[in-house]
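Working notes for the structure below.
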Ligand code: GUN
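In the numbering used here, the protein residues as written are 197 to 490.
In structure tokens form, the structure reads like this:
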């Protein structure tokens, strides 16, 4: 391996540390996050547990609403509206995916956009698309951008390739890189000359959900590789292993800097959730936002 390892766990620790220090200075009520989980999806349960722990460690109020799989849309929308009106709650996160019978877009767009700490509401998506700095930015691309900025490389004019076109990662990531004056290409499952396009990237962000798809010869020598993938695969010994969308061993021989999985983007996503919650709290309470809160 010749690439510099981008330590997301350490970056996330720094972000969480300064958020916790700031929250400790607040004399009145603390920032509050409500997380809504519908059903029993095991991966979602793990994510929700980790978010809850992080919120509590930062000294914030954590509210969890676990609803049964067969919850009606009316009941779920009713809960969201109740949380919109709740003065103790600054951020609302409805864990995705929702069971099939529920309309996720409708549920998300029922969240008060000023409490939409996931940044998924159509108003926030629109603000990101037009480069409005008041947008609440989705946590994963936000974390990727913070890690890129921490590397200290100039972003303006760099060729960035974003693999994946989801509303949660790919599209907002592309918009954020564009607002940093990168030249941005989005590639996806129907793209021609995928490897060749990736090889042109100074910054390659992989968010496709395909285990170890990006191999070393897709990477431009010296490029920065950000791996958003979290895939559970079975090893030949029959054990499960967590891998990204990038084949780390080969890619890290070519890249200039690379995020590992686990320990890269994942921890930053949670840190950015706390940061978004602190931001919405400050706006609601009229508290001056700390200068590190961009
Ligand atoms: N499911 C997977 N990632 C996320 C996320 O960032 N937010 C929510 N709400 N659900 C998710």
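Backbone N, C-alpha and C fix where the C-beta goes; we use that ideal spot for every residue, glycine too.
Could you tell me if residue i is buried or exposed, where buried requires 16 or more neighbouring beta carbons within 10 angstroms of its beta carbon?
i, result
"residue 296", "exposed"
"residue 488", "exposed"
"residue 354", "buried"
"residue 200", "exposed"
"residue 417", "exposed"
"residue 326", "exposed"
"residue 373", "buried"
"residue 472", "buried"
"residue 388", "exposed"
"residue 306", "buried"
Alpha carbon to alpha carbon, how far is residue i from residue j?
i, j, result
"residue 358", "residue 397", "9 Å"
"residue 304", "residue 198", "42 Å"
"residue 272", "residue 308", "14 Å"
"residue 411", "residue 299", "37 Å"
"residue 450", "residue 213", "33 Å"
"residue 480", "residue 286", "8 Å"
"residue 337", "residue 282", "28 Å"
"residue 436", "residue 427", "10 Å"
"residue 262", "residue 218", "29 Å"
"residue 230", "residue 395", "42 Å"
"residue 476", "residue 331", "11 Å"
"residue 333", "residue 313", "8 Å"
"residue 406", "residue 225", "43 Å"
"residue 390", "residue 324", "26 Å"
"residue 240", "residue 248", "12 Å"
"residue 348", "residue 264", "46 Å"
"residue 442", "residue 315", "26 Å"
"residue 478", "residue 464", "21 Å"
"residue 434", "residue 415", "30 Å"
"residue 375", "residue 351", "10 Å"
List the endpoints of the continuous alpha helix (DSSP H) containing residue i.
i, result
"residue 448", "444 to 450"
"residue 204", "204 to 220"
"residue 241", "238 to 253"
"residue 399", "Where residue 399 is concerned, there is no enclosing alpha helix (DSSP H), although the beta strand (DSSP E) it sits in stretches over 399 to 402."
"residue 282", "Unbroken run through residue 282: none, as it is neither H nor E."
"residue 303", "300 to 306"
"residue 326", "318 to 326"
"residue 369", "366 to 375"
"residue 343", "335 to 347"
"residue 331", "Careful: residue 331 lies outside any alpha helix (DSSP H) and carries neither H nor E."
"residue 387", "That residue, residue 387, is in no alpha helix (DSSP H); it is neither H nor E in DSSP."
Comparing C-alpha positions only, which one of the options sits nearest to residue i?
i, options, result
"residue 209", "392, 251, 369 and 384", "251"
"residue 203", "260, 467 and 454", "454"
"residue 402", "391, 345, 421 and 392", "421"
"residue 393", "291, 356 and 259", "356"
"residue 399", "407, 419 and 239", "419"
"residue 484", "314, 425, 222 and 245", "222"
"residue 185", "294, 340 and 379", "Outside the displayed span of the chain (197 to 490) sits residue 185, for which this structure offers no information."
"residue 467", "301, 302, 291 and 342", "342"
"residue 425", "471, 415, 366 and 211", "366"
"residue 462", "440, 316 and 360", "440"
"residue 259", "382, 244, 456 and 474", "244"
"residue 470", "452, 232 and 256", "256"
"residue 321", "432, 292, 362 and 385", "362"
"residue 339", "350, 317, 253 and 369", "369"
"residue 457", "408, 386, 377 and 385", "408"
How would you write the range of the beta strand (DSSP E) that residue i sits in, first residue to last?
i, result
"residue 439", "436 to 439"
"residue 379", "379 to 383"
"residue 172", "Nothing about residue 172 can be reported from this structure: the residues present for the chain run from 197 to 490 only."
"residue 356", "355 to 359"
Starting from residue i, follow its DSSP beta bridges and name the residues at the other end.
i, result
"residue 261", "232"
"residue 287", "229"
"residue 427", "439"
"residue 200", "453"
"residue 420", "399 and 453"
"residue 464", "Looking at the DSSP assignment, residue 464 forms no beta bridge with any residue, so it has no partner."
"residue 415", "In the DSSP output, where bridge partners are listed per residue, residue 415 has none listed."
"residue 410", "442"
Counting only beta-carbon separations shorter than 8 Å, does residue i have a partner in chain D?
i, result
"residue 383", "This model lacks chain D altogether, as it is built from one protein chain only."
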